[in-house]
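With numbering that gives the first Met the number 0 applied, the sequence shown covers 0 to 438. Beta carbons: idealized from backbone N, C-alpha and C, even for Gly. Contents: one structure, followed by commentary.
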Amino acid sequence: MTKLTIGIDGFNLAMPRGTGVATYGFGLAQAVAGLGHATLGVFGIDVGQRPDTRELLFWDRIGKERGHETRKQHKRRLRREWLRSFLPAHGYEVPVSGAIEKQVFADRLPHFDRLVSSPALWDVADKRLRKLGSFLTLRVPNPPDIMHWTYPIPVRLEGARNIYTLHDLVPLKLPYTTLDHKHVYRKLIELCVTQGDHICTVSESSRRDILGLFPGTAPDKVTNSYQTAPVPEALLARAPEEDAAVVEGMFGLKRRGYFLFFGALDPKKNLARLIEAYLSSRSETPLVIVGARHWGTEQEARIFGDKGISLYGEATAKGLVQLDYLPREMLLRLARGAKAVMFPSLYEGFGLPALEAIRLGTPVIASTTSSLPEVVGEAGLLVDPYDPAAIAGAIRAIDADAALAERLSAAAPAQAARFSDEAYAARLAAMYDQVMRQA
Numbered sequence: 000m001t002k003l004t005i006g007i008d009g010f011n012l013a014m015p016r017g018t019g020v021a022t023y024g025f026g027l028a029q030a031v032a033g034l035g036h037a038t039l040g041v042f043g044i045d046v047g048q049r050p051d052t053r054e055l056l057f058w059d060r061i062g063k064e065r066g067h068e069t070r071k072q073h074k075r076r077l078r079r080e081w082l083r084s085f086l087p088a089h090g091y092e093v094p095v096s097g098a099i100e101k102q103v104f105a106d107r108l109p110h111f112d113r114l115v116s117s118p119a120l121w122d123v124a125d126k127r128l129r130k131l132g133s134f135l136t137l138r139v140p141n142p143p144d145i146m147h148w149t150y151p152i153p154v155r156l157e158g159a160r161n162i163y164t165l166h167d168l169v170p171l172k173l174p175y176t177t178l179d180h181k182h183v184y185r186k187l188i189e190l191c192v193t194q195g196d197h198i199c200t201v202s203e204s205s206r207r208d209i210l211g212l213f214p215g216t217a218p219d220k221v222t223n224s225y226q227t228a229p230v231p232e233a234l235l236a237r238a239p240e241e242d243a244a245v246v247e248g249m250f251g252l253k254r255r256g257y258f259l260f261f262g263a264l265d266p267k268k269n270l271a272r273l274i275e276a277y278l279s280s281r282s283e284t285p286l287v288i289v290g291a292r293h294w295g296t297e298q299e300a301r302i303f304g305d306k307g308i309s310l311y312g313e314a315t316a317k318g319l320v321q322l323d324y325l326p327r328e329m330l331l332r333l334a335r336g337a338k339a340v341m342f343p344s345l346y347e348g349f350g351l352p353a354l355e356a357i358r359l360g361t362p363v364i365a366s367t368t369s370s371l372p373e374v375v376g377e378a379g380l381l382v383d384p385y386d387p388a389a390i391a392g393a394i395r396a397i398d399a400d401a402a403l404a405e406r407l408s409a410a411a412p413a414q415a416a417r418f419s420d421e422a423y424a425a426r427l428a429a430m431y432d433q434v435m436r437q438a
């Protein structure tokens, strides 16, 4: 196998709070390194002009929100970005040395052999897309063989073969569940499909959507690589009782004594129907909801009373417990000890929380729609996400039947093996080989 350099963007990795796509990017970088390829991280952080302080500024600014701006500063920045959108962007090399202590980022940022960063790259690219309807060209020193964008980003790296991962087409399939500007989003996906060298997606469901909504696309240009759930080996090696003790000590939740939902709180997650189903099931097992407040959840927020949905571990009289954003390690501890992970989404390109639960041996209650039947298989119960009574029935079934829960847990290892790190790496290797053979 020829050793390549693969670029991976830090669009989601650099966000202050992790996302599903950030987890995807983390797992992708690990898989690429495991294949023996060199990795190049591409970020949009302003690291300044001086080479001797770029590493310092990169690690100082990563994961931080933009600071407060006066009205004049805001206008000046927007004008600079607008002017830059007419020209190619340049990425500056960021030294990778041992000078900075980086252990605190170990569970958020993968190791990259090289780093480059272009200030406000994503904002500049977005402005070009909106005004000119085209990709922004990015130039970097010693470009990689392949640039693997983990998200539909309107940037093309010059001198590399550009692969765009399209996780799903939810803004086009369920437009009422997202805030995207639909004309701009459709143009972006069209550019990825027509001007990208290859499209990577993460399920057969999403692959069908891409080929169906963009019928001129050659089928062999779209690869379903699936993905893996990067669960720390140290966690898998620990006895479940150790994690259960930590969870009980922090939140008062006993192992297999709670249902769990975790993820972004947005309309496609179907939280209102989940809560309706839980309350109508009359279950005495608490339902724990982990997720930062998002748009479109006003109906759910009213259920939690005047405090909104930030009770941090306090159960309401209805048995609902809401936790704010948690570090990934603690989130996985919670998932490992749950009676079942609830994931009755209206639509998912993949459904990473479902796979994470399965890899941890926890039963799942998920939807019959989109990719979730592929991901869950025999390791969970599948329900109509539009039918609260069906969701409530699944809750009662797992609550009342310990043998059913055991059977679902027993099916988890075989289902998780379909999405193992090795299987994922093999699919990536085949895709990269195909892309490199292209003229």
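Cβ distance (whole Å) where residue i is taken to contact residue j below 8 Å
i: Phe342; j: Ser370; result: That pair is no contact at about 11 Å.
i: His197; j: Lys220; result: 6 Å
i: Leu82; j: Leu128; result: Incorrect: roughly 16 Å between the Cβ atoms, too far for contact.
i: Ser84; j: Leu135; result: 7 Å
i: Gln437; j: Glu377; result: Rounded, the Cβ-Cβ distance is 38 Å, inconsistent with contact.
i: Glu73; j: Ser117; result: In the sequence under discussion, the amino acid at residue 73 is His, which differs from the Glu named in the question. About 21 Å separates the two Cβ atoms, so there is no contact after all.
i: Gly336; j: Val246; result: 5 Å
i: Leu210; j: Pro218; result: 6 Å
i: Thr4; j: Pro143; result: 4 Å
i: Val31; j: Thr38; result: 6 Å
i: Ile145; j: Gly24; result: The Cβ separation is near 15 Å, so there is no contact.
i: Asp106; j: Thr227; result: Asp106 to Thr227, Cβ: 16 Å. No contact.
i: Gly192; j: Leu331; result: Per the sequence shown, residue 192 should be read as Val rather than Gly. At roughly 35 Å, the Cβ-Cβ gap does not stay under 8 Å, so Val192 and Leu331 are not in contact.
i: Pro387; j: Ala276; result: 4 Å
Straight-line Cα distance separating residue j from residue i
i: Val434; j: Arg327; result: 33 Å
i: Ala271; j: Phe261; result: 14 Å
i: Ala429; j: His36; result: 14 Å
i: Leu168; j: Gly215; result: 16 Å
i: Pro285; j: Arg255; result: 10 Å
i: Arg426; j: Glu283; result: 43 Å
i: Leu235; j: Pro412; result: 12 Å
i: Glu157; j: Val340; result: 43 Å
i: Pro15; j: Ala391; result: 35 Å
i: Asp208; j: Leu131; result: 27 Å
i: Leu310; j: Asp323; result: With a pLDDT of 36 at Leu310, under the threshold of 50, the modelled position of this residue cannot be trusted, and the question is left open.
i: Glu355; j: Ala410; result: 14 Å
i: Glu232; j: Ala238; result: 12 Å
i: Thr367; j: Val375; result: 10 Å
Residue closest to residue i, alpha-carbon to alpha-carbon, out of the options
i: Arg79; options: Ala396, Lys126 and Glu92; result: Lys126
i: Ala393; options: Ala365, Asp112, Arg335 and Ala88; result: Ala365
i: Trp121; options: Leu56, Pro174, Phe57 and Gly9; result: Gly9
i: Arg395; options: Asp179, Thr149 and Leu278; result: Leu278
i: Asp112; options: Val93, Gly43 and Glu100; result: Val93
Buried versus exposed, by CB contacts within 10 Å (16 or more), residue i
i: Ser205; result: buried
i: Glu373; result: buried
i: Thr1; result: exposed
i: His147; result: buried
i: Gln321; result: buried
i: Pro87; result: exposed
i: Ala353; result: buried
i: Glu347; result: buried
i: Ala389; result: buried
i: Gly312; result: Residue confidence for Gly312 is low, a pLDDT of 44 falling below 50, so the modelled location carries little weight and cannot support an answer.
Would you call the region 141-160 in contact with the region 46-55, where contact means no fewer than 3 C-beta pairs closer than 8 Å?
no
Is it a yes or a no for the region 179-194 touching the region 222-229, going by three-plus beta-carbon pairs under 8 Å?
no
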